[in-house]
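In this note's numbering, the protein residues as written are 3 to 602. Ideal placement from N, C-alpha and C gives every residue a C-beta, glycine not left out. Below is one structure; the comments refer to it alone.
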Ligand SMILES: Cc1cc2nc3c(=O)[nH]c(=O)nc-3n(C[C@H](O)[C@H](O)[C@H](O)COP(=O)(O)OP(=O)(O)OC[C@H]3O[C@@H](n4cnc5c(N)ncnc54)[C@H](O)[C@@H]3O)c2cc1C
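Rendered as structure tokens:
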């Protein structure tokens, strides 16, 4: 049930979950299955329940920058990107980023998950995570079979709360894209949920195909359980700090959580555990505000250190993306659905009406569904040279000690994945010009993503004020390899759009980067000037051994605390080749089972 801050103020709860987002509401739903324990969720944003702006699938992106839904964090100026500051949109309100995301739902490659175990987290491997991915998923078979869709039902969860389904309204580019890829030697993947993602496939989406609405943690994990008397949710409750007591060995035990609602400050008492699920930006911030982090960073921000934990807010990894856009030929454009249509005010209203009356049109669709995951050698003739250069650069860093033994372990796995031909490059076809199309034309965009960056950034507080956002530094292109790879990706995006049968749908006009951008130097400059985030930050509360700068152990317990866990996407220690929501839900499901003592 939803209660006000005053109604819970001063009260005791067994479990207090900070953040009612993707992982947080998953944990809350599972823990409150046991009616003998009390669970409180504190969410900084509003409830936003049954809100058509969230539920309408094609409305994604429109809420960016709107404080009711989006934190809209800003990064520090990025020196390798002409000092640009990037906006890191993050969902605010019940559902968190699952209320703001673009609906794509899929799993990473097996090797990505097995790497968690290789880094010292016994049991965190594909075989285990596969069960929790399935537990979330309520996969629905497509109502109509098309040539572009292939799946193996045995690999999907069909009884989980989250509706996962293929898009009912296709853009029209799905098959031409897959055929173009085939002509480029990239084959179709029969079932990308199997742990083998290498190739081309269509992503299912978290859109309910019957009701044509967003399926997300608030309407699938919270609302069906909202009448449980042992599950309390308070919205507009901005958590400021976890209060801890130290034992003689310096181990911290959470006793209270302080939060601000409106102008008023409140505290709630914790009986068993505090679970941080505030996401990759805010979970490290709350730990640091609570005096858990790297002592010099805490002191500089005016926070008294309680537990010296240097890994907090470090090891930050972020997916990046850059794009090539071409115009659709005017004589065939009426046959294809693109989001560009919405930049025309009359068409926007027509599409809204269409969606409201019949659940059809652009607003019923999610974002891009055409995905490709492949190794660099599949797309670049200089892959080998680039890979030798990054290997050398890592070796040099290790010799000069600029790369720590802990980071070396991560890089060894990354280099092994490169050598083994794991799919480190991602391509997506989007039916639109990104970001803002002029009215009257249609476009398609081939985006290239760097999914396994070698660069590492940080997220740290600079103030003890919980309303001052942390300093977010993704440290883009710390390693030149990340940029050099992206240059090769852009060249391949051009090849994709220049390949039949896609080619014949397009005019000769390349909108971005444009035909005058040809040399590697020009492409590099284009990437630095236009590249975007993929909203996929991980690593800021890494699950790693303490000696390797870990923040949580394999049971997601914060080191040197007795009852504080982090259960969200921030615990991923090494980035994965997938969009993150499926993994955020799986971490929530697995985290709940760990807390219940069902596993480990
Ligand atoms: C714009 C965008 C598009 C994306 N598109 C996709 C996609 O198409 N497919 C995909 O797989 N993934 C996508 N992702 C990524 C994926 O949705 C997220 O990685 C995932 O949902 C994160 O889950 P989380 O539980 O870690 O954090 P969140 O879901 O972000 O939850 C964190 C919650 O904590 C709350 N909170 C934060 N600070 C406080 C505080 N101090 N006090 C109280 N509450 C607090 C927040 O308001 C939020 O509700 C996208 C992400 C974004 C932002």
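Quiz item: Which runs of the beta strand (DSSP E), 3 residues or longer, sit entirely within the stretch 443–481?
Solution: 445–452, 460–462, 473–475
Practice problem: Grab me the residues of residue 501's own chain with a C-beta within less than 7 Å of its C-beta, minus the 5 sequence neighbours each way, in chain order. | Solution: Residue 501 sits at position 499 when you count from the first residue of the chain shown. These residues qualify, in order along the chain: 182, 185, 186.
Quiz prompt | Beta-bridge pairing of residue 240 - partner residues as DSSP gives them | solution = Position 238 of the chain shown holds residue 240. DSSP lists 262 as partners of residue 240.
Self-check item: Option nearest residue 137 by Cα separation, candidates 600, 143, 160
Solution: Here residue 137 refers to the residue found at position 135 when the chain shown is read from its first residue. Checked all of 600, 143, 160; the closest Cα to residue 137 is 160.
Quiz item: If you follow the alpha helix (DSSP H) that residue 577 is part of, which residue opens it and which one closes it?
Solution: As a position in the chain shown, residue 577 is number 575, starting the count at 1. Segment: none, residue 577 is in no alpha helix (DSSP H) and carries neither H nor E.
Quiz item: Taking three-plus beta-carbon pairs below 8 Å as touching, is the stretch 431–444 in contact with the stretch 340–359?
Solution: yes
Practice problem: Only counting runs of 3 or more residues, tell me where the beta strand (DSSP E) segments fall wholly within the stretch 249–330, in order along the chain. | Solution: 254–263, 266–278, 319–330
Quiz prompt | Simplified DSSP assignment, three categories, for residue 73 | solution = Taking the chain shown and counting its residues from 1, the one referred to as residue 73 is at position 71. Coil, per DSSP.
Quiz item: In terms of residue numbering, what span does the beta strand (DSSP E) encompassing residue 374 cover?
Solution: Working through the chain shown from its first residue, we reach residue 374 at position 372. Residues 372–376.
Exercise. Output the distance between the C-alpha atoms of residue 131 and residue 109, rounded to the nearest integer angstrom.
Key: Numbered from 1 along the chain shown, position 129 holds the residue referred to as residue 131. Numbered from 1 along the chain shown, position 107 holds the residue referred to as residue 109. Whole-angstrom Cα-Cα distance: 10 Å.
Exercise. Write down the C-beta distance between residue 240 and residue 468 rounded to the nearest angstrom, noting that I regard them as a contact closer than 8 Å.
Key: As a first step, residue 240 is located in the chain shown; it is residue number 238 there, counting from the start. As a first step, residue 468 is located in the chain shown; it is residue number 466 there, counting from the start. Contact flag correct, Cβ pair sits at about 6 Å.
Self-check item: Residues that residue 143 bridges to, as DSSP identifies them
Solution: Indexing the chain shown from 1 puts residue 143 at position 141. Per DSSP, none; premise fails for residue 143.
Quiz item: Is the beta carbon of residue 141 within less than 6 Å of some heavy atom of ligand 1?
Solution: As a working mapping, residue 141 is identified with position 139 in the chain shown. No - ligand 1 has no heavy atom lying nearer than 6 Å to the Cβ of residue 141.
Practice problem: Return helix, strand or coil for residue 90, following the three-state DSSP convention. | Solution: Looking up residue 90 in the chain shown gives position 88. In this structure, residue 90 counts as strand in the three-state DSSP scheme.
Practice problem: Reducing DSSP to helix, strand and coil, say where residue 138 ends up. | Solution: Residue 138 sits at position 136 when you count from the first residue of the chain shown. Reduced to three states, the DSSP call for residue 138 is helix.
Quiz item: Less than 6 Å between the CB of residue 103 and some heavy atom of ligand 3, yes or no?
Solution: Ligand 3 is absent from the structure shown, which contains only ligand 1.
Exercise. Return the chain-ordered list of same chain residues with a C-beta closer than 6 Å to the C-beta of residue 571, the five sequence neighbours on each side being excluded.
Key: Reading the chain shown from its first residue, position 569 is the one you call residue 571. 282, 540, 582, 586.
Quiz prompt | Burial state of residue 92, where buried means 16 or more other Cβ atoms lie within 10 Å | solution = As a first step, residue 92 is located in the chain shown; it is residue number 90 there, counting from the start. Buried.
Quiz item: Run through DSSP, which three-state label would residue 567 get?
Solution: By one-based count along the chain shown, residue 567 stands at place 565. Residue 567 falls in the strand class under three-state DSSP.
Quiz item: With residue 96 and residue 50 assumed to form a contact (beta carbons below 8 Å), what rounded beta-carbon distance in angstroms separates them?
Solution: Along the chain shown, read from residue 1 onward, the residue named residue 96 stands at position 94. Along the chain shown, read from residue 1 onward, the residue named residue 50 stands at position 48. Going by Cβ atoms, the distance from residue 96 to residue 50 rounds to 6 Å, so yes, they are a contact pair.
Quiz item: Residue ranges of each beta strand (DSSP E) run of no fewer than 3 residues wholly in the stretch 365–410, ordered along the chain?
Solution: 372–376
Quiz item: Start and end of the beta strand (DSSP E) containing residue 167?
Solution: Looking up residue 167 in the chain shown gives position 165. Start and end: 164–167.
Quiz item: Relative to ligand 1, is the shortest distance from any of its heavy atoms to the C-beta of residue 46 smaller than 6 Å?
Solution: Numbered from its first residue, the chain shown carries residue 46 at position 44. Yes, since a heavy atom of ligand 1 falls inside the 6 Å radius drawn around the Cβ of residue 46.
Quiz item: Can you round the beta-carbon distance between residue 499 and residue 448 to whole angstroms, since I take them to be within the 8 Å contact cut?
Solution: Locating residue 499 in the chain shown gives position 497, counting from the first residue. Locating residue 448 in the chain shown gives position 446, counting from the first residue. With a Cβ gap of about 6 Å, residue 499 and residue 448 count as contacting.
Quiz item: DSSP puts residue 560 in a beta bridge; with which residues?
Solution: For the purposes of this step, residue 560 is identified with residue 558 of the chain shown, where counting begins at 1. Residue 560 pairs with 554.
Self-check item: Option nearest residue 373 by Cα separation, candidates 530, 199, 24
Solution: Here residue 373 refers to the residue found at position 371 of the chain shown. The shortest C-alpha separation from residue 373 is found at 199.
Quiz item: In whole angstroms, what separates the C-alpha of residue 66 from that of residue 367?
Solution: Your numbering for residue 66 matches position 64 in the chain shown. Your numbering for residue 367 matches position 365 in the chain shown. Taking the straight line from one Cα to the other gives about 18 Å.
Quiz prompt | C-beta contact flag for residue 100 and residue 24 at 7 Å | solution = For the purposes of this step, residue 100 is taken as residue 98 along the chain shown, with counting starting at 1. For the purposes of this step, residue 24 is taken as residue 22 along the chain shown, with counting starting at 1. The answer is yes: Cβ separation under 7 Å.
Self-check item: Short Cβ contact (7 Å threshold) for residue 221 with residue 34
Solution: The residue given as residue 221 occupies position 219 in the chain shown. The residue given as residue 34 occupies position 32 in the chain shown. Cβ distance not < 7 Å, so residue 221 and residue 34 don't count as in contact.
Quiz item: Which of helix, strand or coil does DSSP assign to residue 126?
Solution: What you label residue 126 is simply residue 124 of the chain shown in a count that begins at 1. Correct three-state label for residue 126: coil.
Practice problem: From the DSSP output, read off the bridge partner residues of residue 106. | Solution: By one-based count along the chain shown, residue 106 stands at place 104. Its beta-bridge partners are 207.
Self-check item: Beta-carbon proximity check, residue 542 vs residue 293, cutoff 7 Å
Solution: Translated into the one-based positions of the chain shown, residue 542 becomes position 540. Translated into the one-based positions of the chain shown, residue 293 becomes position 291. Their beta carbons are not under 7 Å apart, which means residue 542 does not touch residue 293 by this criterion.
Quiz item: With residue 396 and residue 405 assumed to form a contact (beta carbons below 8 Å), what rounded beta-carbon distance in angstroms separates them?
Solution: Translated into the one-based positions of the chain shown, residue 396 becomes position 394. Translated into the one-based positions of the chain shown, residue 405 becomes position 403. Rounded, the Cβ-Cβ distance is 6 Å, consistent with contact.
Quiz item: Can you round the beta-carbon distance between residue 605 and residue 509 to whole angstroms, since I take them to be within the 8 Å contact cut?
Solution: Outside the shown range of the chain (3 to 602) lies residue 605, about which nothing can therefore be said.
Quiz item: When you compare only the Cα positions, how much space is there between residue 401 and residue 124?
Solution: Taking the first residue of the chain shown as position 1, residue 401 is located at position 399. Taking the first residue of the chain shown as position 1, residue 124 is located at position 122. Going by the C-alpha atoms only, they are around 29 Å apart.
Practice problem: Look up residue 247 in the DSSP assignment and give the residues it is bridged to. | Solution: Taking the chain shown and counting its residues from 1, the one referred to as residue 247 is at position 245. DSSP lists 255 as partners of residue 247.
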